[in-house]
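Novice: Numbering (the working numbering), first residue to last: 91 to 779. Structure incoming, see below.
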């Protein structure tokens with residue numbers, strides 16, 4: 091039984107050994123009014139999942155006063171084979187030179203038509219005068235969040251380890267709202283609602299959007315509708331790519347461009363094949379003729395880009411049969427996000443030589459793009475790779491399912507240990523690199539395909555997202571993980587109980603304690619039937635239920651549950667067992683909230699004394715109890731001892747945890763509320779005004 095003290099800093103069970111989780115204890119320490127009413131501006135509902143992100147005043151002030159460091163642009167490298175588009179480039183020049191701010195320019199067109207390439211080329215080659223220029227993948231709200239968090243890190247690298255993802259997003263929004271001259275390129279927007287809040291709030295810069303949608307994005311937006319290349323430009327592109335290794339006989343080139351519909355992505359991949367196989371366009375046409383367009387069924391592959399890419403896929407994978415790992419790698423990559431798949435994630439697919447050989451072969455045929463650390467796949471290629479086709483030996487349903495399972499396995503073995511790293515900023519960058527691919531896997535795979543491994547992966551990702559302030563996104567994964575484990579393992583399985591405890595906690599944190607209570611009542615009944623009333627899982631679930639009732643405002647019910655659980659813990663574990671002390675802290679906090687200080691203060695005192703003996707004076711659980719006791723004594727009017735406790739706790743929190751840690755802020759805020767003048771005299775603990 092493990093847990094954090096009453097700070098709504100939850101801790102639910104670790105999984106011990108292969109299949110046995112520790113008890114499901116969740117303990118609280120109310121951040122409450124300290125965070126909500128002191129030192130910060132709460133911004134709700136803009137890329138914060140309708141939760142509240144609070145930045146300390148010094149961080150808000152820093153956002154307004156921070157100059158963009160040089161070199162923080164993150165544009166992709168421009169394509170070396172960009173051709174044509176003179177008229178479209180001129181339209182962008184004119185639109186983005188228009189006076190005013192909050193101007194939105196949108197480039198729309200079919201998948202594979204070159205929207206992103208046009209935006210990259212324009213930003214790299216035209217004298218537009220914007221700085222910084224940031225590229226944000228914007229195919230979902232989650233992707234926009236990630237792009238904004240990355241901007242926050244680039245603006246203030248030193249705070250990357252001090253702020254959660256939610257806080258970094260808010261910092262970036264504050265910066266955009268208070269600066270001019272920047273340009274954000276929002277790539278592959280699928281839904282205007284994903285970017286509308288950003289555009290509405292950041293009114294002092296420019297936006298360039300790419301999308302398959304032709305919509306009136308805002309009343310200030312202008313639209314460039316991008317078509318396929320004209321025949322001359324198509325042949326130029328095909329010739330450029332096919333001749334990358336030297337001049338080539340391009341006989342049949344014009345007919346091949348017509349056959350591929352003048353789609354730039356298709357021309358690029360066909361040209362790469364011609365160069366690698368050392369053939370002519372006419373020979374490539376004969377290969378395509380073996381897979382005519384009319385063999386592809388209606389529906390997803392009935393649209394021209396998908397149909398064209400299906401044919402190219404078949405021809406290229408036929409060529410790569412000598413490297414069988416290439417086809418499996420490409421099918422596996424289809425389940426990840428299209429951009430920046432870490433190479434390390436793919437290591438689980440086989441030995442390094444085989445994986446690297448497959449990557450190199452696919453890159454040579456322009457099926458993927460690579461850097462020294464990442465792999466990128468076009469969305470159209472992914473869509474084809476995930477779509478079964480009984481007539482295509484490279485897209486058999488069982489092979490695609492095998493690839494999905496391997497994608498889950500690759501991500502699972504790469505994850506940091508959530509139980510030990512949620513509060514460790516050193517591993518947050520690794521998590522942030524993996525979460526986009528877990529999100530993509532969850533989006534593309536049906537819940538009915540979830541197995542135990544997928545459920546565990548989703549649970550870990552959900553916990554990270556929720557702990558980073560992205561609670562609504564975290565709840566989606568946690569809910570799906572709980573459902574899968576309940577269906578596969580049963581209601582009372584330890585893994586199911588663990589996931590339910592996580593889910594219930596974050597439901598409570600999201601402002602839905604009623605749903606958490608219903609979930610925990612059912613769980614308590616199930617675990618009591620299966621394990622008995624004295625089992626640690628039963629005690630942990632009852633403790634979690636008490637927390638949910640407390641959050642719901644039903645303190646009488648919460649106190650009754652806490653009192654019963656504390657009595658059982660003392661009887662079963664002893665009065666100074668760590669789990670007993672955790673529940674004692676929770677009960678004392680509930681007494682305090684209920685105004686019963688005569689019970690709260692003595693219980694805090696005895697629990698703190700025992701915790702000091704058990705864990706020492708500077709353990710985080712001890713620090714929480716010191717703050718709780720100081721606040722309770724202050725409320726009881728015992729001012730001098732309260733000041734001493736809170737002053738020492740605040741100094742220790744800052745020394746041990748840093749100025750920006752939430753616990754440091756809570757201690758400091760409690761001190762400020764008690765005595766502003768005393769707090770102002772603390773040189774190392776500046777008061778929040």
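We treat Cβ as the ideally placed atom computed from N, Cα and C, and that holds for glycine. Every value quoted in this text rests on a predicted model; they were computed, and no experiment measured them.
1. For the pair the stretch 201-213 and the stretch 490-504, tell me if three or more CB-CB distances fall below 8 Å.
2. Do you know how far the Cα of residue 247 is from the Cα of residue 263?
3. Taking its Cβ as the centre, do 16 or more other Cβ atoms sit within 10 Å of residue 335, making it buried, or is it exposed?
4. Do you know how far the Cα of residue 614 is from the Cα of residue 110?
5. Taking all protein chains shown into account, do 16 or more other C-beta atoms lie within 10 angstroms of the C-beta of residue 283, making it buried, or fewer, making it exposed?
6. When burial is assigned at 16 or more other CB atoms within 10 Å of the CB, is residue 441 buried or exposed?
7. Would you mind reading off the limits of the beta strand (DSSP E) that contains residue 297?
8. Please list the terminal residues of the continuous beta strand (DSSP E) segment that includes residue 429.
9. By the DSSP assignment, the alpha helix (DSSP H) with residue 541 in it spans what residues?
10. Helix or strand or just coil, what does DSSP make of residue 678?
11. Please go through the same chain and pick out, in chain order, the residues whose beta-carbon is closer than 7 Å to the beta-carbon of residue 760, but skip the five residues on each side of it.
12. CB-CB under 8 Å to residue 156, same chain, minus the five flanking residues each way: which ones, in chain order?
13. Taking buried to mean at least 16 other C-beta atoms within 10 Å of its own C-beta, is residue 320 buried or exposed?
14. Taking residue 561 as part of the alpha helix (DSSP H), name the residues at either end of that continuous run.
15. Give the C-beta separation of residue 506 and residue 466 to the nearest angstrom, bearing in mind that I take them to be a contact with Cβ-Cβ under 8 Å.
16. Rounded to whole angstroms, how far is the Cβ of residue 704 from the Cβ of residue 668, which I believe are closer than 8 Å?
17. Using 8 Å as the threshold, is the stretch 432-452 in touch with the stretch 401-421, meaning 3 or more CB pairs across them?
18. Go ahead and label residue 391 buried or exposed: buried means 16 or more other beta carbons lie within 10 angstroms of its beta carbon, across all protein chains shown.
19. With a threshold of 8 Å on Cβ separation, who are the neighbours of residue 617 within its own chain once the five nearest residues in sequence on each side are excluded?
20. Using alpha carbons as the reference points, say which of 730, 711, 593 lies closest to residue 746.
21. Rounded to a whole number of angstroms, what is the C-alpha to C-alpha distance between residue 257 and residue 294?
22. Give the straight-line distance between the Cα atoms of residue 590 and residue 572, rounded to the nearest whole angstrom.
23. Taking the C-alpha atoms as reference points, what is the distance between residue 184 and residue 169?
24. Check whether the stretch 331-351 touches the stretch 368-381, counting contact only when three or more Cβ pairs, one atom from each stretch, lie closer than 8 Å.
25. Can you give me the C-alpha to C-alpha distance between residue 708 and residue 535, rounded to a whole angstrom?
26. Expressed to the nearest angstrom, what Euclidean distance is found between the alpha-carbon atoms of residue 167 and residue 458?
27. Spatial neighbours of residue 660 within its chain, please: C-beta separation below 7 Å, excluding the five flanking residues on both sides.
28. Assuming the contact rule is C-beta atoms closer than 8 Å, residue 314 and residue 181 should be a hit. Round their C-beta distance to whole Å, please.
29. Is DSSP giving residue 224 helix, strand or coil here?
30. Where residue 354 and residue 327 are concerned, what is the direct C-alpha to C-alpha distance, given to the nearest angstrom?
31. Could you pull the start and end residues of the beta strand (DSSP E) that residue 277 belongs to?
32. Between the stretch 228-238 and the stretch 271-287, are three or more C-beta pairs nearer than 8 Å?
33. Residue 177: buried (16+ other C-beta within 10 angstroms of its C-beta) or exposed?
34. Looking at the strands, I want to know which residues DSSP matches up with residue 459.
35. Three-state secondary structure (DSSP) at residue 312?
36. Extract the residue ranges of the alpha helix (DSSP H) inside the stretch 668-722, only unbroken runs of 4 or more that lie entirely within it.
Specialist: Well, looking at it:
1. no
2. Taking the chain shown and counting its residues from 1, one reaches residue 263 at position 173. Taking the chain shown and counting its residues from 1, one reaches residue 247 at position 157. If you take the alpha carbons of residue 263 and residue 247, they lie about 16 Å apart.
3. Along the chain shown, one-based indexing puts residue 335 at 245. By the 10 Å Cβ count, residue 335 comes out exposed.
4. As a position in the chain shown, residue 110 is number 20, starting the count at 1. As a position in the chain shown, residue 614 is number 524, starting the count at 1. Caution applies to residue 110, whose pLDDT of 31 falls short of 50 and renders its modelled position unreliable; the model cannot decide the point.
5. Against the chain shown, residue 283 aligns to sequence position 193. That one is exposed.
6. Translated into the one-based positions of the chain shown, residue 441 becomes position 351. By the neighbour-count definition (other C-beta atoms within 10 Å, threshold 16), residue 441 is an exposed residue.
7. For the purposes of this step, residue 297 is identified with residue 207 of the chain shown, where counting begins at 1. Segment 296-301, the beta strand (DSSP E) holding residue 297.
8. Stepping through the chain shown from its first residue, residue 429 is reached at position 339. DSSP places residue 429 outside any beta strand (DSSP E), giving it a letter other than H or E.
9. Counting from 1 along the chain shown, the entry for residue 541 is found at position 451. Premise fails: residue 541 is in no alpha helix (DSSP H) and is neither H nor E.
10. Start at 1 with the first residue of the chain shown, and residue 678 comes out as number 588. Reduced to three states, the DSSP call for residue 678 is helix.
11. Indexing the chain shown from 1 puts residue 760 at position 670. Result list for residue 760: 124, 717, 720, 721, 736, in chain order.
12. Taking the first residue of the chain shown as position 1, residue 156 is located at position 66. In the same chain as residue 156, and ignoring 5 residues on each side of it, the C-beta atoms closer than 8 Å to its own belong to 245, 246, 265, in chain order.
13. In the chain shown, counting from the first residue as 1, residue 320 sits at position 230. That one is exposed.
14. To locate residue 561, count along the chain shown from 1; it is residue 471. Per DSSP, the unbroken alpha helix (DSSP H) holding residue 561 starts and ends at 561-579.
15. Your numbering for residue 506 matches position 416 in the chain shown. Your numbering for residue 466 matches position 376 in the chain shown. Actually they are not in contact, since the Cβ atoms of residue 506 and residue 466 sit about 23 Å apart, beyond 8 Å.
16. Position 614 of the chain shown, counted from the first residue, corresponds to residue 704. Position 578 of the chain shown, counted from the first residue, corresponds to residue 668. Going by Cβ atoms, the distance from residue 704 to residue 668 rounds to 6 Å, so yes, they are a contact pair.
17. yes
18. Taking the chain shown and counting its residues from 1, the one referred to as residue 391 is at position 301. Caution is warranted here: a pLDDT of 39 is assigned to residue 391, below 50, making its placement in the model unreliable, and the coordinate value is therefore given only provisionally. Buried is the call here.
19. Within the chain shown, residue 617 is the residue found at index 527, counting from 1. Closer than 8 Å at Cβ, skipping near neighbours: 582, 587, 625, 627, 628, 631.
20. Mapped onto the chain shown, residue 746 falls at position 656. Measuring from the Cα of residue 746, the nearest candidate turns out to be 711.
21. Along the chain shown, read from residue 1 onward, the residue named residue 257 stands at position 167. Along the chain shown, read from residue 1 onward, the residue named residue 294 stands at position 204. Approximately 21 Å between the Cα atoms of the pair.
22. Your numbering for residue 590 matches position 500 in the chain shown. Your numbering for residue 572 matches position 482 in the chain shown. Looking at the two C-alpha atoms, the distance is approximately 6 Å.
23. If you number the chain shown from 1, residue 184 lands on position 94. If you number the chain shown from 1, residue 169 lands on position 79. Taking the Cα positions, residue 184 is about 23 Å away from residue 169.
24. By the Cβ rule, the stretch 331-351 counts as touching the stretch 368-381, because three or more pairs are nearer than 8 Å.
25. Residue mapping note: residue 708 aligns to position 618 of the chain shown, counting from 1. Residue mapping note: residue 535 aligns to position 445 of the chain shown, counting from 1. Rounded to the nearest angstrom, the two C-alpha atoms are 45 Å apart.
26. Locating residue 167 in the chain shown gives position 77, where the first residue counts as 1. Locating residue 458 in the chain shown gives position 368, where the first residue counts as 1. Approximately 15 Å between the Cα atoms of the pair.
27. Residue numbering aside, residue 660 sits at position 570 when the chain shown is read from its first letter. Here the set comprises 670.
28. Position 224 of the chain shown holds residue 314. Position 91 of the chain shown holds residue 181. That pair is a contact at about 5 Å.
29. Along the chain shown, one-based indexing puts residue 224 at 134. In this structure, residue 224 counts as strand in the three-state DSSP scheme.
30. Within the chain shown, the letter at position 264 stands for residue 354. Within the chain shown, the letter at position 237 stands for residue 327. Computed Cα separation, rounded: 8 Å.
31. Translated into the one-based positions of the chain shown, residue 277 becomes position 187. Residues 273-277.
32. yes
33. Residue 177 sits at position 87 when you count from the first residue of the chain shown. Taking all protein chains in view, the Cβ of residue 177 is surrounded by fewer than 16 other Cβ atoms within 10 Å, so the residue is classified as exposed.
34. Against the chain shown, residue 459 aligns to sequence position 369. DSSP lists 466 as partners of residue 459.
35. Within the chain shown, numbered from 1, the residue matching residue 312 stands at position 222. Of the three classes helix, strand and coil, the one that applies to residue 312 here is strand, per DSSP.
36. You should have 668-683, 687-705.
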